[in-house]
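Counting in our numbering, the sequence shown runs from 6 upward without gaps.
Ideal placement from N, C-alpha and C gives every residue a C-beta, glycine not left out.
These numbers come from a predicted model, not from an experiment.
Take a look at the structure below.
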Amino acid sequence: MCTVHVWEFSNIGKAPFSIKGIASLPEHSLAEHNPHAYHLAMSELPKGYGLGTCAVCGQALKNNALIIDDNGNKFSVGLDCVKKAGDKGLQEEVKLIQAEQRRTQRELDRVARVKAKEQEQRKINKGLTDEELYAKHLKSAQTLHNKSMIKFHEQSEPFITTLHKQGGFFCQGMAENLEMGIIPTLGAQLTIIDIMAKQHGRKNSKAFLEHKPTYKKQFNALVKILKKADERVLKKYPNIRL
Ligand SMILES: [Zn+2]
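Structure below.
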């Protein structure tokens, strides 16, 4: 049995028909609000399909299925009339195109929302987004912290050298901590001070006890420098965590 396509039967064109896409006319309200955008949207519409009128039923269209027949003739059909034609292939195509258009629109909406948010942020942050502002402050805070840490690195040097010389898992770890500007726990601090004083004599000897307070003082000074460095950053950049 040979069935004739309903559009071919109505002399609209020659089967098989294929669909090139769906073109939507811009809203008339856009012409009032933003004539430039309206004319741009109009000029970007595909040509030669007789957009705006359904070739099947003659109704005015907003959404136009762009149809090409076997002879290469182009015309527009309303989505309802595509459905009514009973052409399964065309209907499937319409579904795929609409799904793709919805995906595209969602992405466009998402980008527009992000842009609008950033625009608001730039108004408040003297031209920067929140992210850019944070990055700028983070860099400044790091520079400020590094400046304060020059003194720390200078004064921690004797401790680091001795700990490296001493070797072993604990001493290596403590030396590395100090190199990174990390203060060891209180217990570890006391051990380090002992190690320093032991350079002068065995534990609790006269020489040991003589030198211990000096190292204790030096180490406390280190802790103080670090605390001050952190405080300076926190005061100037309260939102930044280094
Ligand atoms: Zn129609």
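Open item on the list: Taking contact to mean 3 or more Cβ pairs, one atom from each stretch, closer than 8 Å, check whether the region 59-75 and the region 14-33 are in contact.
Closed with: At 8 Å Cβ cutoff, the stretches touch.
Task: Nearest-angstrom Cβ-Cβ length linking Leu143 and Ile230, presumed shorter than 8 Å - done: Rounded, the Cβ-Cβ distance is 21 Å, inconsistent with contact.
TODO: Using 7 Å as the cut-off, classify the Cβ of Gly83 as near or not near the heavy atoms of ligand 1, replying yes or no.
DONE: Yes, the Cβ of Gly83 comes within 7 Å of a heavy atom of ligand 1.
TODO: Examine ligand 1 and report whether any of its heavy atoms sits within less than 7 Å of the Cβ of Val99.
DONE: No, the beta carbon of Val99 sits no closer than 7 Å to any heavy atom of ligand 1.
Open item on the list: For Val11 and Ala90, I'd like the C-alpha separation in whole angstroms.
Closed with: Straight across, the Cα-Cα distance linking Val11 with Ala90 is about 6 Å.
Open item on the list: Just to confirm my understanding: we take Lys79, look at its own chain, exclude 5 residues before and 5 after, and list those with CB closer than 6 Å. What are they?
Closed with: Around Lys79: Gly53, Tyr54, Ile73.
Open item on the list: Quick check on Val61: does DSSP put it in helix, strand or coil?
Closed with: Val61 carries a coil assignment under DSSP once its states are collapsed to helix, strand and coil.
Task: For Phe80, the three-state DSSP class (helix, strand or coil) - done: Reduced to three states, the DSSP call for Phe80 is strand.
Open item on the list: Assess contact between the region 175-194 and the region 147-164, defined as three or more Cβ pairs (one per stretch) separated by less than 8 Å. Is contact present?
Closed with: Pairwise C-beta distances place the region 175-194 in contact with the region 147-164, as three or more of them are shorter than 8 Å.
Open item on the list: Just to confirm before moving on: does the CB-CB distance between Tyr220 and Ala146 stay below 8 Å?
Closed with: Their beta carbons are not under 8 Å apart, which means Tyr220 does not touch Ala146 by this criterion.
Open item on the list: Let me check understanding here. Comparing Cα to Cα, which of His38, Val82, Pro40 lies closest to Gly18?
Closed with: Closest in alpha carbon position to Gly18, among His38, Val82, Pro40, is Val82.
Open item on the list: Taking 8 Å as the threshold (C-beta atoms), are Leu227 and Gln160 in contact?
Closed with: Yes, they are a contact pair.
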